[in-house]
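In UniProt numbering, the protein residues as written are 1 to 306.
Every residue, glycine too, gets a C-beta built ideally from N, C-alpha and C.
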């Protein structure tokens, strides 16, 4: 079967923490099952949280003690991979018979990574991708991934890969993923801007692939009872914009803004052959005699014991 239903789940991290966020995810089980979706993509940093506007007490050249306390709280809210949260998500994938891609904050040692985890119905957690380049001040709180976590996974819906938020703007990363044969491009994000929609349509059109972008939804600072300098207290911190796009850049579902929900679309991966008739970015439209890309997929370790 080349035709299937795919979905993006637009929700936000619960202010109370990862346990409540996991409960929120699991509460959509019935809707996922009823939709018969074979793939569900969820937003960036959903489990673990995206602390938009938080400074972690950092100024150029010094860090305040209260920032270390905020960091410790954020670290405690991250998840272990594997761990009890991944076990619960694997069980959800099995019960719904849907592959899952979900953004998490993953801890290893004393470092956090912004990661996307891949679950299959019968095999549970099968892969992960760590964000290669955290954006702006995200670099204060997240480490960098390496080339060893650039998976492409075969699912009932098709071959899936993931790029997280502004990684989607990295041309060489996109080229590497296209070369791995991505059919369904998963884009967990917190970017709510209109220009993000243009980027998603561009990637679908460039890669001649289906694109599923899942964005978080977060209330306004006023609703959360916090103050964020330079941000309108009544404006939502993240207002969604999840979308599903076809391989010629056509919007199949969404964008969904201002509310939580499961967004679905019917896709057929056989359409990719027709779409690539006149443009195959790493095939007949490439010029390997002029351009080439080398991708180092070896894990990078600070210390190696012989």
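Exposed unless 16 or more other CB atoms sit within 10 angstroms - verdict on residue i
i           : result
residue 129 : buried
residue 27  : exposed
residue 2   : exposed
residue 297 : exposed
residue 85  : buried
residue 301 : exposed
residue 139 : exposed
residue 285 : exposed
residue 233 : exposed
residue 134 : buried
residue 329 : Residue 329 lies beyond the range of the chain shown here (1 to 306); nothing can be said about it.
8 Å Cβ cutoff met for residue i and residue j
i           : j           : result
residue 114 : residue 44  : yes
residue 97  : residue 4   : no
residue 269 : residue 7   : no
residue 237 : residue 219 : yes
residue 260 : residue 11  : yes
residue 231 : residue 203 : no
residue 214 : residue 89  : no
residue 182 : residue 159 : yes
residue 57  : residue 68  : yes
Cα-Cα separation, residue i to residue j
i           : j           : result
residue 167 : residue 81  : 22 Å
residue 279 : residue 100 : 29 Å
residue 197 : residue 253 : 12 Å
residue 283 : residue 87  : 39 Å
residue 211 : residue 247 : 8 Å
residue 172 : residue 21  : 33 Å
residue 144 : residue 206 : 26 Å
residue 62  : residue 273 : 55 Å
residue 310 : residue 266 : With the chain covering only 1 through 306, there is no way to say anything about residue 310.
residue 235 : residue 228 : 11 Å
residue 291 : residue 223 : 51 Å
residue 178 : residue 306 : 36 Å
residue 191 : residue 241 : 8 Å
residue 59  : residue 132 : 24 Å
Beta-bridge partners of residue i, as assigned by DSSP
i           : result
residue 131 : DSSP lists no partner for residue 131.
residue 85  : Residue 85 pairs with nothing; no bridge assigned.
residue 118 : 101 and 127
residue 214 : 188
residue 194 : Looking at the DSSP assignment, residue 194 forms no beta bridge with any residue, so it has no partner.
residue 264 : 7
residue 79  : 106
residue 112 : 107
residue 240 : 257
residue 303 : Answer is none; residue 303 lacks a bridge partner.
residue 149 : Looking at the DSSP assignment, residue 149 forms no beta bridge with any residue, so it has no partner.
Nearest-angstrom Cβ-Cβ length linking residue i and residue j, presumed shorter than 8 Å
i           : j           : result
residue 75  : residue 47  : Actually they do not touch by this definition, with Cβ atoms about 14 Å apart.
residue 150 : residue 176 : 6 Å
residue 153 : residue 126 : 6 Å
residue 104 : residue 117 : 6 Å
residue 295 : residue 147 : 6 Å
residue 79  : residue 106 : 6 Å
residue 50  : residue 110 : That belief does not hold up - the Cβ atoms of residue 50 and residue 110 are roughly 20 Å apart, past 8 Å.
Residue-chain proximity (residue i, chain B), Cβ-Cβ < 8 Å
i          : result
residue 27 : Among the chains in the structure shown there is no chain B, since it carries only a single protein chain.
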